[in-house]
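Those letters in the sequence shown? Residues 22 to 464, per our numbering, in order.
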Amino acid sequence: MRITGLRLHPVAIADGPLRSSYGLHAPYALRTIVELTSTDGLTGISETYGGDGPLQALEAMRDRIVGMDPFQLTRLWMDLSGEAAKESAAQNAVVAGGRSQTYLVPGENPLDRHARTYAAIEIACLDLIGKALNKPLCDVVGGRARDAVPFSAYLFYKHAGGGGLGDDQREDEYGEGLDPLAMVRQAKQMIDKYGFREIKLKGGVLDPEIEIDTIRALRQEFGPSYPLRIDPNCAWSIQTSVYVGRSLKEELSGGGYLEDPTATIAGMAEVRKRLREEGIDMPMASNVAVTCFAQVVEAEKADAVQVVLSDPHYWGGVRAQQRLADLCETLNLGVSMHSNNHLGVSLMAMTHAAASAPHVNYACDTHYPWQSGIDEVVAGGRIPFVDGCVRIPDKPGLGVDLDYDQLARGTERYNKLDYRKRDDEAEMRKRVDPSWKRVLPRW
Ligand code: GKR
Ligand code: MG
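Take a look at the structure:
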């Protein structure tokens, strides 16, 4: 089998005014749907980050991919990572804070560009291979550790609005959420609908006291059988992180964690150390301080991170997910999964990736509840969750196909937009506070 064509579909998907320490989500999130056609008459698909950068990076691969055998992924990785090594010295200079992701929205770190590009191609190739062999994707990379993958309820403080613009506005399913009570309501609604059994609160938005109260209110409502995690994306100083960790030592224990409270591996290590000195053994998780394999080792040595957030989209695909989980198991670290706004194609890739790696021992994050069926490009509509889990479908490859009319609508929305990059800081200035700046630490 050979690849005969590469088709790239930029799409825009409505997204509510969700808040994080990065700022505010824009009315549409950007994604790219990738299609690879083959000599067997099959089409493999994947989904990745959106906007000009990812599109150009994929477009630049066209000549390398067309004519390629989709089974020969290792060589593709070697080519792409070799290219990355050449670029990395120059890029290191332009990434604030060295390799760190601290100041960049996810999907924007130039040092991971090759891993993101490779992942988008790898997943589409694995979809092709699965279709050719009539096997689910997780079963062509060695088989599944589980038939269904648990996800967590991902709560966001948010302003009123459901996303979209003008007469394309979406229903505001969850309403405004800017205090503890509203967040409990949001959690109940999401859990009733999807059956999630773990809860993640995106923090770093309101005064830490309010965020502490929110976690306490969630614990009060759901009890200790629903593990809780909070992720302020580095908005707190070391001192504030220790204060929050101490205040929430009960609530974040028993399967929960404190995710990226402060910037850098050194900062996380200091928070962990100070908490341990007080007898608080709180797991710290990261998708900001730790975004590549070398940092996993560094963070483990420094005792900075006990749970690594994987993500096939930027760690380098499904096979990299397996390697990462194995490495974490060896180092006695936990594994969860990070997410960004995404559609059903990504959700299925995340599900297959998590199913194929034995050591994924926390429910994965997903932004899926924040998207609407109006934007879904998967034929048949939204992917179902049962008891908070997505099952591996008894279908080849990712187990989903594209709805081309929906895809065309997504591209039409994209073409009408005047932005080609996620910029939560600009959005925050535009809609909430004209003088807003991302300041780290804010508290
Ligand atoms: O969607 O605003 C968001 C999140 O903050 C996202 O961009 C993060 O990458 O989910 C993410 C995280 O866990 O840091
Ligand atoms: Mg995070």
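Glycine is no exception: its CB is placed at the ideal position from the N, C-alpha and C atoms. Treat the numbers as computed from the prediction; the structure is a model and nothing was measured.
Close beta carbons around residue i, own chain, < 6 Å, minus the five adjacent residues each side
i: G26; result: T58
i: I212; result: A174
Three-state secondary structure (DSSP) of residue i
i: H380; result: coil
i: R443; result: coil
i: V116; result: Low local confidence applies: a pLDDT of 48 at V116 is under 50, so the model's placement there is unreliable, and no value is given.
i: D228; result: coil
i: L39; result: strand
i: K416; result: coil
i: M358; result: strand
i: S262; result: helix
i: C146; result: helix
i: V398; result: coil
i: V87; result: coil
i: V366; result: helix
Residue interval of the alpha helix (DSSP H) (run including residue i)
i: H30; result: It is not in any alpha helix (DSSP H) - H30 instead sits in the beta strand (DSSP E) that spans 24-35.
i: E321; result: 314-322
i: L296; result: 286-298
i: R434; result: 425-437
i: V311; result: First-last for V311: undefined, no H or E at that position.
i: L348; result: 338-351
i: K209; result: 201-215
Test item: CB-CB of residue i and residue j under 9 Å
i: I183; j: E197; result: In the sequence under discussion, the amino acid at residue 183 is Gly, which differs from the Ile named in the question. Not closer than 9 Å, so no.
i: V366; j: E68; result: yes
i: G355; j: Y278; result: yes
i: C159; j: A376; result: yes
i: E230; j: K209; result: no
i: G88; j: I24; result: yes
i: Y139; j: L97; result: yes
i: L419; j: A400; result: no
i: M289; j: S307; result: yes
i: A35; j: G185; result: yes
i: H359; j: D332; result: yes
i: G71; j: P31; result: yes
i: V318; j: E280; result: no
i: I251; j: L273; result: yes
i: D396; j: L438; result: no
i: S357; j: Y389; result: no
Enclosing beta strand (DSSP E) for residue i [first to last residue]
i: E482; result: In the structure displayed, the chain extends from 22 to 464; residue 482 sits before or after that span and is not available.
i: M305; result: 305-307
i: S67; result: 64-70
i: V170; result: 169-171
Own chain residues within Cβ distance below 8 Å of residue i, not counting five before or after
i: L461; result: S42, T123, Y124, C255, A256, A284
i: L79; result: L27, L29, T53, V55, T69, T138, A141, I142
i: A181; result: P38, D193, G196, E197
Within-9 Å CB hit, residue i to chain D
i: M449; result: You won't find chain D in this structure, because it holds only one protein chain.
Contact set for residue i: own chain, Cβ-Cβ below 7 Å, skip 5 residues either direction
i: R295; result: V263
i: R412; result: D168, A169
i: W336; result: A136, Q342, L345
i: R450; result: W457
i: K156; result: P417
Residues that DSSP places opposite residue i in a beta bridge
i: L176; result: L222
i: Y278; result: R250
i: L45; result: R40
i: P157; result: G418
i: L17; result: There is simply no residue 17 to check, as the chain begins at 22 and stops at 464 in what is shown.
i: E198; result: It is worth fixing the name first, because residue 198 is Gly in this sequence and not Glu. Paired residue(s): K179.
- prompt: Around the ligand NAD, which residues pass a check of Cβ closer than 7 Å to any of its heavy atoms?
  reply: The ligand NAD is absent from the structure shown, which contains only the ligand GKR and the ligand MG.
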